[in-house]
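Participant: This is the structure I want to talk about, given as structure tokens.
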Amino acid sequence: MSQFWKPGTERPRSSLVDDEEGGVLFYSTPPPSSSYGYANLEKQRQRLPVFKYRTAILYLVEYHSTVIIVGETGSGKTTQIPQYLKEAGWAEGGRLIACTQPRRLAVQSVASRVAEEMGVKIGEEVGYTIRFEDKTVQGVTKIKFLTDGVLLREMMDDPLLTKYSVIMVDEAHERSISTDMLLGLLKKIQRRRPELRLIISSATIEAESMSNFFRTRKKNGHATDDNGLKMEPSILSVEGKGYPVEIHYVQEPVSDYLQSAVDTVLLIHEKEAVGDVLVFLTGQEEIDAAVQILVEKASDKTSHFSGLLVLPLYSGLSRSDQDLIFSQTPKGKRKVVISTNIAETSLTLEGVVFVVDSGFSKQRFYNPISDIENLVVAPISKASAKQRAGRAGRVRSGKCFRLYTEDYFVKEMPAEGIPEMQRSNLVSSVIQLKALGIDNILGFDWLASPPPESMIRALEVLYSLGILDEDAKLTTPSGFQVAEIPLDPMVSKMIIAADTLGCSEEILTIAAVLSVQSIWVSVRGKHKGLDEVKLRFAAAEGDHVTHLNVYKGFLQSGKSSQWCYKNYINYHAMKKVVDTREQLCRLVRRLGIVLKSCQGDTQTIRKAILAGFFSHASQLEEYSQNGMYKTVRNSQEVYIHPSSVLFRVNPKWVVYHSLVSTDKHYMHNVIAIDPSWLIEAAPHFYQLKRPNPAIF
DNA sequence: GAGCACTGC
Numbered sequence: 001m002s003q004f005w006k007p008g009t010e011r012p013r014s015s016l017v018d019d020e021e022g023g024v025l026f027y028s029t030p031p032p033s034s035s036y037g038y039a040n041l042e043k044q045r046q047r048l049p050v051f052k053y054r055t056a057i058l059y060l061v062e063y064h065s066t067v068i069i070v071g072e073t074g075s076g077k078t079t080q081i082p083q084y085l086k087e088a089g090w091a092e093g094g095r096l097i098a099c100t101q102p103r104r105l106a107v108q109s110v111a112s113r114v115a116e117e118m119g120v121k122i123g124e125e126v127g128y129t130i131r132f133e134d135k136t137v138q139g140v141t142k143i144k145f146l147t148d149g150v151l152l153r154e155m156m157d158d159p160l161l162t163k164y165s166v167i168m169v170d171e172a173h174e175r176s177i178s179t180d181m182l183l184g185l186l187k188k189i190q191r192r193r194p195e196l197r198l199i200i201s202s203a204t205i206e207a208e209s210m211s212n213f214f215r216t217r218k219k220n221g222h223a224t225d226d227n228g229l230k231m232e233p234s235i236l237s238v239e240g241k242g243y244p245v246e247i248h249y250v251q252e253p254v255s256d257y258l259q260s261a262v263d264t265v266l267l268i269h270e271k272e273a274v275g276d277v278l279v280f281l282t283g284q285e286e287i288d289a290a291v292q293i294l295v296e297k298a299s300d301k302t303s304h305f306s307g308l309l310v311l312p313l314y315s316g317l318s319r320s321d322q323d324l325i326f327s328q329t330p331k332g333k334r335k336v337v338i339s340t341n342i343a344e345t346s347l348t349l350e351g352v353v354f355v356v357d358s359g360f361s362k363q364r365f366y367n368p369i370s371d372i373e374n375l376v377v378a379p380i381s382k383a384s385a386k387q388r389a390g391r392a393g394r395v396r397s398g399k400c401f402r403l404y405t406e407d408y409f410v411k412e413m414p415a416e417g418i419p420e421m422q423r424s425n426l427v428s429s430v431i432q433l434k435a436l437g438i439d440n441i442l443g444f445d446w447l448a449s450p451p452p453e454s455m456i457r458a459l460e461v462l463y464s465l466g467i468l469d470e471d472a473k474l475t476t477p478s479g480f481q482v483a484e485i486p487l488d489p490m491v492s493k494m495i496i497a498a499d500t501l502g503c504s505e506e507i508l509t510i511a512a513v514l515s516v517q518s519i520w521v522s523v524r525g526k527h528k529g530l531d532e533v534k535l536r537f538a539a540a541e542g543d544h545v546t547h548l549n550v551y552k553g554f555l556q557s558g559k560s561s562q563w564c565y566k567n568y569i570n571y572h573a574m575k576k577v578v579d580t581r582e583q584l585c586r587l588v589r590r591l592g593i594v595l596k597s598c599q600g601d602t603q604t605i606r607k608a609i610l611a612g613f614f615s616h617a618s619q620l621e622e623y624s625q626n627g628m629y630k631t632v633r634n635s636q637e638v639y640i641h642p643s644s645v646l647f648r649v650n651p652k653w654v655v656y657h658s659l660v661s662t663d664k665h666y667m668h669n670v671i672a673i674d675p676s677w678l679i680e681a682a683p684h685f686y687q688l689k690r691p692n693p694a695i696f
């Protein structure tokens with residue numbers, strides 16, 4: 001597969017096998033699937049680095065309860081190991097082989113690749129499951145790809161995951177919350193089901209700590225169980241097939257990595273051979289600034305910088321902007337993509353030969369005391385730096401320019417990032433563990449323990465919502481109902497309250513809208529138009545009711561994309577809202593919730609919202625000139641976000657959906673309320689916090 | 001009058 005090509009000529013064909021670890025490949029030309037004969041595919045399979053280890057892997061899986069596979073990008077482990085297992089008989093007798101991925105797109109693309117290699121139709125012998133999409137057939141499917149979140153959900157019906165013979169947890173090094181939870185629970189399952197085999201696949205040598213975690217011994221001290229199965233995890237390394245990447249460091253620390261990144265791109269263009277450039281910065285604002293500087297340079301037709309084609313890449317981009325990034329670089333041009341971390345794991349760009357690494361990314365941090373999540377620009381880990389550099393070695397040997405010193409890399413950069421578990425609000429995780437019968441949350445065997453303060457905060461929130469009782473057990477029925485609904489527990493509580501109040505139709509719409517990023521198109525510099533359009537939908541009660549108006553308008557337009565375009569509404573987001581709402585309706589009906597509309601009674605709707613969000617109440621500061629509010633819970637200074645329809649309206653009392661913290665704490669999605677509803681919705685909470693209700 | 005790294009059920 002190691003083909004080279006001259007710029008301007010047709011690019012070599014590539015396939016998804018090149019990329020399973022790195023996420024999803026975007027083809028600039030459609031893959032020539034018709035030319036893949038079976039024999040051809042078989043040869044390709046045998047050329048993958050992992051093929052040499054086929055016998056070893058099968059031997060280890062046979063005799064060890066847990067196998068840890070350290071494999072670099074492009075080793076082929078994700079697509080091949082499930083097939084080896086199937087060929088060795090692990091799917092016989094109605095059993096299933098599972099392979100989990102952190103991302104939905106990866107699940108779909110890996111599954112279709114494996115189905116193609118096996119010459120079967122996707123959804124039959126090889127299937128996949130992601131939320132809202134189950135492409136498996138019971139009794140037929142033998143290899144199943146799924147997100148780790150889906151496997152966690154499956155445990156609620158089948159706690160010991162009895163239908164699986166082998167579970168491969170892929171991308172474990174990413175340490176997402178669901179991967180960490182899954183690993184802790186799988187360890188528990190293995191104690192009850194010693195015959196279950198686990199394969200943990202990771203790109204980094206964190207294998208040692210992973211191995212320690214899974215090291216279990218029988219009480220009698222033997223390292224094997226009665227059937228001779230070794231309890232000691234084994235570790236196997238598989239090399240990748242990336243090309244070498246030359247690493248360059250700066251001599252002196254840089255004071256302005258943005259400027260330095262721009263300078264480096266210009267230098268590469270001047271001195272280096274052909275090949276696209278990928279620059280890692282932290283966020284949209286920074287990226288747009290860097291793009292602008294470079295575009296200005298490139299627009300000077302007389303300078304040789306006119307050969308630069310500069311493009312931004314972040315998740316908020318529209319479809320059409322994303323298409324530009326994955327299109328072929330025009331003849332005589334050098335493509336420069338300036339990206340967030342999205343290009344580190346989720347998306348793979350072809351043709352990158354040079355990487356510029358700022359050494360920073362935006363990371364989420366959670367403060368359990370204030371209950372606020374913050375996005376902070378923070379230094380990346382060595383593991384991330386390595387991953388970023390690897391992006392330069394996909395088509396041929398490349399170069400990575402790190403905008404930090406070698407000394408810093410060696411002596412100061414942390415080896416691994418902080419697991420997400422330790423940087424997040426844990427309300428959803430705690431309720432999920434409770435639903436799985438894990439009573440002692442604080443004593444759970446975590447791969448890395450979250451801060452006790454975060455767990456205590458989560459328990460408090462769930463208790464105040466009436467989801468947990470005094471003994472920290474799920475309440476009946478609402479605790480169990482909330483656990484069944486795959487949404488934030490505060491949103492789920494709102495849905496359950498709507499059942500009693502008779503406005504479930506409206507609240508399900510609101511829940512669906514809150515689960516997408518934003519239903520408005522992102523408009524830089526076009527705020528005026530958006531604001532005017534918003535007035536057409538704006539409700540005096542606030543944003544949630546405004547969302548209902550938009551949803552109604554969308555349905556009345558016949559779900560028209562034209563209508564969305566005219567109204568500054570994100571069509572794809574609205575389609576997702578409709579989808580999600582449908583799924584939620586189906587789910588809550590199963591829980592015995594009756595769909596009913598309150599026919600525009602916005603007071604009832606707001607009361608249902610309060611049932612979940614009473615702890616997010618804020619009061620306008622008296623005599624406040626600048627719209628300052630204080631939260632009722634802890635007198636935190638907050639403001640209504642300018643995107644809200646209640647911005648500058650400043651009702652005396654509001655309830656917000658979430659806080660966004662930048663230079664100020666902004667309340668996102670706000671409704672106006674009557675404070676007496678708070679006591680009505682949560683007497684326990686408000687009596688508890690305010691023994692003297694004189695403030696009302 | 002301002003801004004959202006990235007996922008997932």
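Taking UniProt numbering, the leading residue of the first sequence gets 1, the next gets one more, and so forth.
Backbone N, C-alpha and C fix where the C-beta goes; we use that ideal spot for every residue, glycine too.
Just so we're clear, the structure is a prediction, and the values are computed from it rather than from any experiment.
Would you call aspartate 180 buried or exposed, if buried means 16 or more other Cβ atoms sit within 10 Å of its Cβ?
Facilitator: That one is buried.
Participant: Hey, which unbroken runs of the beta strand (DSSP E) at 3 residues or more fall wholly within the stretch 267-300?
Facilitator: With a minimum length of 3 residues, the continuous beta strand (DSSP E) runs that stay inside the stretch 267-300 are 276-280.
Participant: Would you please state the rounded distance, in angstroms, between the beta carbons of valine 279 and isoleucine 342? I believe it to be under 8 Å.
Facilitator: Rounded, the Cβ-Cβ distance is 13 Å, inconsistent with contact.
Participant: Got a sec, what are the start and stop residues for the beta strand (DSSP E) isoleucine 130 sits in?
Facilitator: Note, isoleucine 130: beta strand (DSSP E), 126-130.
Participant: Under three-state DSSP, which class holds isoleucine 68?
Facilitator: Note: isoleucine 68 maps to strand in three-state DSSP.
Participant: With a CB to CB cut of under 6 Å and the five nearest residues on each side skipped, what residues in its chain are close to lysine 576?
Facilitator: Result list for lysine 576: Val516, in chain order.
Participant: Please list, in chain order, all residues of the same chain as alanine 385 whose beta carbon is under 8 Å from its beta carbon, the five residues on each side excluded.
Facilitator: Asp357, Gly359, Arg402, Phe409 and Met413, listed in sequence order.
Participant: To the nearest angstrom, how far is it from the Cα of isoleucine 235 to the Cα of leucine 433?
Facilitator: Cα to Cα, the separation comes out at about 29 Å.
Participant: Just to confirm the assignment, what range does the alpha helix (DSSP H) spanning glutamine 387 have?
Facilitator: Here the alpha helix (DSSP H) through glutamine 387 covers 382-390.
Participant: Under DSSP, the beta strand (DSSP E) around glycine 398 begins and ends at which residues?
Facilitator: Note, glycine 398: beta strand (DSSP E), 398-402.
Participant: Under a three-way DSSP split, which group does glutamate 637 fall into?
Facilitator: It is a strand residue.
Participant: So if DSSP puts isoleucine 338 in a beta bridge, which residue, or which two residues, is it bridged to?
Facilitator: Answer by DSSP bridge pairing, in chain order: Val279 and Pro312.
Participant: What number of angstroms, rounded off, separates the C-alpha of isoleucine 143 from the C-alpha of leucine 186?
Facilitator: Computed Cα separation, rounded: 19 Å.
Participant: Using a Cβ-Cβ cut-off of 6 Å (strictly less than) and excluding sequence neighbours within five positions of serine 464, which residues of its own chain qualify?
Facilitator: Cβ neighbours of serine 464 beyond the five flanking positions: Phe685.
Participant: Classify residue 703: buried if its beta carbon has 16 or more other beta carbons within 10 angstroms, exposed otherwise.
Facilitator: A query on residue 703 cannot be resolved here, the shown segment of the chain reaching from 1 to 696 and no further.
Participant: Check each candidate in Asn212, Glu208 and Thr204 and name the one with the smallest Cα separation from glutamate 416.
Facilitator: Of the candidates Asn212, Glu208 and Thr204, the one whose C-alpha sits nearest the C-alpha of glutamate 416 is Thr204.
Participant: Pull up the DSSP beta-bridge partners for lysine 630, would you.
Facilitator: According to DSSP, lysine 630 bridges with Gln619 and Glu637.
Participant: Determine the closest residue to glutamate 117 out of Ile605, Leu58, Tyr84 and Phe132, with distance taken between C-alpha atoms.
Facilitator: Ranking the options by Cα distance to glutamate 117, first place goes to Tyr84.
Participant: What are the boundary residues of the beta strand (DSSP E) that tryptophan 653 is part of?
Facilitator: Here the beta strand (DSSP E) through tryptophan 653 covers 653-661.
Participant: Note down the Cα distance separating arginine 240 from lysine 77, rounded to an integer number of angstroms.
Facilitator: The amino acid at residue 240 is misidentified as arginine; the sequence shows glycine. Taking the straight line from one Cα to the other gives about 10 Å.
Participant: Out of Lys664, Arg633, Pro642 and Val670, state which residue places its alpha-carbon closest to the alpha-carbon of alanine 682.
Facilitator: The option with the nearest alpha carbon to alanine 682 is Arg633.
Participant: Can you tell me the Cα-Cα spacing of glycine 119 and serine 112, whole angstroms?
Facilitator: Taking the straight line from one Cα to the other gives about 10 Å.
Participant: If you compare alpha carbons, which of Val482, Gly351, His64 and Glu195 is closest to leucine 161?
Facilitator: Of the candidates Val482, Gly351, His64 and Glu195, the one whose C-alpha sits nearest the C-alpha of leucine 161 is Glu195.
Participant: Run through DSSP, which three-state label would proline 683 get?
Facilitator: Looking at proline 683 - three-state DSSP - the assignment turns out to be helix.
Participant: Just reading off the alpha helix (DSSP H) that proline 452 is part of, what are its end residues?
Facilitator: Proline 452 -> alpha helix (DSSP H) spans 452-464.
Participant: Taking only three categories from DSSP, how would you classify aspartate 323?
Facilitator: In this structure, aspartate 323 counts as helix in the three-state DSSP scheme.
Participant: In the DSSP output, which residue or residues are listed as bridge partners for residue 774?
Facilitator: The requested residue 774 is not part of the displayed model; the chain covers only 1 to 696.
Participant: With C-beta atoms as the reference, is glutamate 506 less than 9 Å away from cysteine 598?
Facilitator: Going by C-beta atoms, glutamate 506 is nearer than 9 Å to cysteine 598.
Participant: Under 9 Å, do phenylalanine 132 and threonine 580 count as touching if we go by C-beta distance?
Facilitator: Yes, the Cβ-Cβ distance between phenylalanine 132 and threonine 580 is below 9 Å.
Participant: Which residues in the same chain have their Cβ closer than 6 Å to the Cβ of valine 458, if we skip the five residues on either side of it in sequence?
Facilitator: First, the residue type needs correcting, since residue 458 is alanine and not valine in the sequence shown. Hits under 6 Å: Leu426, Val427 and Val430.
Participant: By Cβ distance, which residues of its chain are closer than 6 Å to glycine 502, with the 5 residues on each side in sequence left out?
Facilitator: Excluding positions up to five away in sequence, the list reads Lys596 and Cys598.
Participant: For phenylalanine 354, which residues does DSSP report across the bridge?
Facilitator: Per DSSP, Val277 and Lys399.
Participant: Closest to proline 651 by C-alpha separation, out of His668, Ile673 and Gln636, would be which residue?
Facilitator: With distances taken between Cα atoms, proline 651 lies closest to Ile673.
Participant: Short check: CB of isoleucine 200 to CB of threonine 73, under 9 Å?
Facilitator: Cβ atoms of isoleucine 200 and threonine 73: not closer than 9 Å.
Participant: Out of Ile519, Ser211, Leu267 and Phe145, which has the shortest C-alpha to C-alpha gap to serine 318?
Facilitator: Minimum Cα distance to serine 318 is reached at Ile519.
Participant: Hey, could you find the ends of the beta strand (DSSP E) arginine 364 is sitting in?
Facilitator: Where arginine 364 is concerned, the enclosing beta strand (DSSP E) stretches over 360-367.
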